[in-house]
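Numbering (the numbering used here), first residue to last: 2 to 137.
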């Protein structure tokens, strides 16, 4: 089930909101690639795009938080590190599973993880930044 952007998810910052929308698009694309193609090379491309864009977004978000003096920056940075580690581990699992002729990653479970993380992260973590963005 695809993630749908809702206005309640908006931080009121065009750059961050567009980043979040694109990350949702990438997660939805990754899920579609599992159902449509169901082969490792397409999954790896989708996962690599997600990993690369998430890193770029995290960097932008942390730089903005630092500039605004956001008190939750250290916690937020740890959340980003954890997510990058999860993406890297999942990519490694997919690669190792393919090389051994088996599925190395539970794809439905990983999709659920991505959905949950994206929604939870935006709603519980990123929205804490919203009052600081209004003062910018």
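Glycine residues also receive a C-beta, built at the ideal position from the N, C-alpha and C atoms. In this text the structure is predicted, and so the values were computed from the model without any measurement.
- Straight-line measurement puts the Cα of residue 97 at about 32 Å from the Cα of residue 5.
- Annotation: the continuous alpha helix (DSSP H) that includes residue 112 extends over 108-121.
- Contact between residue 74 and residue 63 holds: their C-beta atoms lie close to 7 Å from each other, under 8 Å.
- The beta carbons of residue 125 and residue 12 sit about 13 Å from each other, so the pair does not count as a contact at 8 Å.
- Linking residue 65 to residue 21 through their CA atoms gives a straight-line distance of about 15 Å.
- Ranking 17, 9, 25 by CA distance to the CA of residue 2 puts 25 first.
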